[in-house]
Amino acid sequence: MPARDIYHNTVKNALIKDGWTITHDPLRIRLARGRNLFVDLGAERLLAAERGTQKIAVEVKSFTRPSDMKDLEEAVGQFVLYAQLLKRYYPEYVLYLAVSEDIGKSVFEEEAGQTLIDDGIIRLMTFDPSQEVVIRWIY
6 MPARDIYHNT
16 VKNALIKDGW
26 TITHDPLRIR
36 LARGRNLFVD
46 LGAERLLAAE
56 RGTQKIAVEV
66 KSFTRPSDMK
76 DLEEAVGQFV
86 LYAQLLKRYY
96 PEYVLYLAVS
106 EDIGKSVFEE
116 EAGQTLIDDG
126 IIRLMTFDPS
136 QEVVIRWIY
């Protein structure tokens, strides 16, 4: 199992407060030849109007390196890989990248990050680390 991000439990708590039920911690993607990849969290919530459930997978990133762009490059690569594999093996899940609201503003409201959102490459969830609450869903 991979090491957990420093905000793993913070995001987990924020999702629960936002009405989600954590179903996987982590969500395992089983590949051929016994290989596994792990998305940090799997969650679902009831959609009363549709009488069904909405399922999400959440990859948590803290962006702690000296270079936000290096962190962004790594996060995007991981996000794209997981998103494609989820489409193949778990198409009912929609993947989100979870970052603190500060990173959401400093990285994803600037050109490189905003381009990823505008072009539909990244879906983003921002959270407040101290209050453990979801701030925004951006897709």
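End of the sequence shown = 144 in the numbering used here, gap-free, step of one.
No residue lacks a Cβ here, since even glycine has one placed at the ideal position from N, Cα and C.
The structure presented is a predicted model; accordingly, all values stated were derived computationally and were not measured.
DSSP beta-bridge partners of Lys60 = Beta-bridge annotation (DSSP): Lys60 is paired with Glu49 and Tyr98.
Closest residue to Asn41 among Leu90, Leu121 and Phe113 (Cα-Cα distance) = Checked all of Leu90, Leu121 and Phe113; the closest Cα to Asn41 is Leu90.
task = Using 10 angstroms around the beta-carbon of Gly47, count the other beta-carbons present and answer buried if the total reaches 16, otherwise exposed.
result = With 16 or more other Cβ atoms from the protein chains shown falling within 10 Å of its own Cβ, Gly47 counts as buried.
CB-CB length for Val112 against Phe68, believed under 8 Å = So it is a contact: roughly 7 Å between Cβ atoms.
key: Cβ-based neighbour list, Arg141, same chain, cut-off 6 Å, excluding 5 preceding and 5 following   = The residues are Thr131.
request  = Measure the Cβ-Cβ separation of Arg33 and Phe43 and say whether it is below 8 Å.
outcome  = In this structure, Phe43 lies closer than 8 Å to Arg33 by Cβ.
task = Measure the alpha-carbon distance for Val85 versus Ala53 and round it to whole angstroms.
result = Approximately 30 Å, taken between the alpha carbons.
Span separating the alpha-carbon of Ile21 from that of Tyr94 = Distance between the alpha carbons of Ile21 and Tyr94: 25 Å.
key: Beta bridge counterpart(s) of Asn41 as assigned by DSSP   = According to DSSP, Asn41 bridges with Arg35.
Identified DSSP bridge partners for Thr131 = As DSSP reads the structure, Thr131 sits in a beta bridge with Val104 and Arg141.
ask   = Helix, strand or coil for Ile21 per DSSP?
value = Collapsing the DSSP output to three states places Ile21 in a helix.
task = Using three-state DSSP, classify Val85 as helix, strand or coil.
result = It is helical.
request  = Using the DSSP secondary-structure output, state which residues sit across from Thr26 in a beta bridge.
outcome  = Answer is Glu49.
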